[in-house]
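Here the structure comes first, spelled out in structure tokens, and everything after it is commentary.
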Amino acid sequence: MRDYIRRLLIAAIMALCVSLLFLGGKQTEASMQESREIKEGWIWPADGVISDTYGTRHGTHKGIDIAGRLNSPIIAVEKGVVDKSYYSQTYGNVIFIKHPSNYVTVYAHLNNRLVQAGQEINQGDRIGTMGRTGESTGVHLHFESHQIAWTFDKKNAIDPEMLLGYTEVGSTVMGGKTGSTESLAASTNIKGDKVRYIVQAGDTLSSIAKKSNLSVIQLKEVNQLKTDLIIPEQVLVIQQ
Ligand SMILES: [Zn+2]
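Numbering (our numbering), first residue to last: 13 to 252.
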């Protein structure tokens, strides 16, 4: 009888060991998923065309500019907590997000802010809409990334391209997509892709029509323009 109890005990202990192993395994699987999520990278925060990159204006431009349509969605590049959401003279309507990967991202010149400080958000959540508030010459998103914390002198700023993928002025980016972008010239070959163009000083609708595969009338139709008036930094769709 004693033998039987001993065997039963041994069996119970072994079962416990096996279940502990199993649980341990599940835990490492969970933490692996967590780290994979961060490595998989950030997604672009808006649809548009890159109109300026990091380090320009004699090194003072500590972010990347994405020119797009007024009130188009601005989304979070990674999950995190809203650190600040307010109106600043320079940034205009601006949102700061603190991420678990220890980066802080900044979304500036928004037309509307849709989140409040302290709010938890997931990657891809809509946080605001594109605008031209604060010191901004046209409708665009000014996006910054900082390690650990944002400071007034922006000494922790890093080039967003390191996290979002390589790009260049004139490249089209898609909100919610990861990785590098196609240049405007390369992307004109992609069937069905709506290629966008940033209006430069001196451009007219007919000069843009010559560069694109649309006529002036089609350009006006596609971009819902009521007059021939276009302004620098305005973003136009130039392919159907
Ligand atoms: Zn900028």
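Note that CB positions come from ideal geometry on N, CA and C, so glycine has one too.
On a predicted model such as this, the values are computed, not experimentally measured, just so you know.
Start-to-end residues for the alpha helix (DSSP H) that takes in residue i
| i | result |
| --- | --- |
| I55 | First-last for I55: undefined, no H or E at that position. |
| S63 | From DSSP, S63 is part of no alpha helix (DSSP H) but of the beta strand (DSSP E) over 60-64. |
| I220 | 217-223 |
Endpoints, the beta strand (DSSP E) within which residue i is located
| i | result |
| --- | --- |
| E180 | No beta strand (DSSP E) contains E180, which DSSP labels as neither H nor E. |
| V228 | Run containing V228: none in the beta strand (DSSP E); it sits in the alpha helix (DSSP H), 228-234. |
| Y209 | 208-210 |
| V249 | 247-249 |
In DSSP terms, what residue i is bridged to
| i | result |
| --- | --- |
| K96 | F108 |
| L82 | DSSP output for L82 lists no bridge partner at all. |
| Q159 | Y115 |
| A88 | Beta-bridge pairing links A88 to no other residue. |
| E170 | Note that residue 170 is Ile in the sequence shown here, rather than Glu. Per DSSP, S157. |
| T141 | P85, N124 |
| I76 | F155 |
| E132 | V93 |
Presumed contact (8 angstroms Cβ cut-off) between residue i and residue j, rounded CB distance
| i | j | result |
| --- | --- | --- |
| F108 | K96 | 4 angstroms |
| L231 | I220 | 6 angstroms |
| V234 | V249 | 5 angstroms |
| I62 | V181 | 5 angstroms |
| L175 | G53 | 7 angstroms |
Residue from the options with nearest C-alpha to residue i
| i | options | result |
| --- | --- | --- |
| I55 | F155, L126, N83 | F155 |
| S218 | R208, V207, L241 | L241 |
| S100 | S84, I86, V118 | V118 |
| A129 | Q251, L248, Y98 | Y98 |
| I86 | G71, L153, D77, I250 | L153 |
| H111 | E132, E180, T216 | E132 |
| S183 | I76, V228, V93 | I76 |
| G214 | E245, R208, N124 | E245 |
| G104 | V89, I78, T145 | T145 |
| I210 | T68, R18, G80, D15 | G80 |
| H158 | M142, E173, I229, N225 | E173 |
| S84 | I160, M142, S224 | M142 |
| S148 | H73, S113, Q236, I160 | H73 |
| A88 | I160, Y115, K223 | Y115 |
| T179 | T65, K223, L122, Q236 | T65 |
| L122 | I160, I78, W162 | I78 |
| N225 | V207, M26, Q212, K238 | V207 |
| I160 | N124, V127, S113, L82 | S113 |
| V94 | I229, V127, F164 | V127 |
| S227 | A24, Q251, R125 | Q251 |
Stretch pair the region 129-146 + the region 161-178: three plus CB contacts closer than 8 angstroms: no
Stretch pair the region 181-192 + the region 56-67: three plus CB contacts closer than 8 angstroms: Yes, since at least three Cβ pairs between the region 181-192 and the region 56-67 fall closer than 8 angstroms, the two stretches touch.
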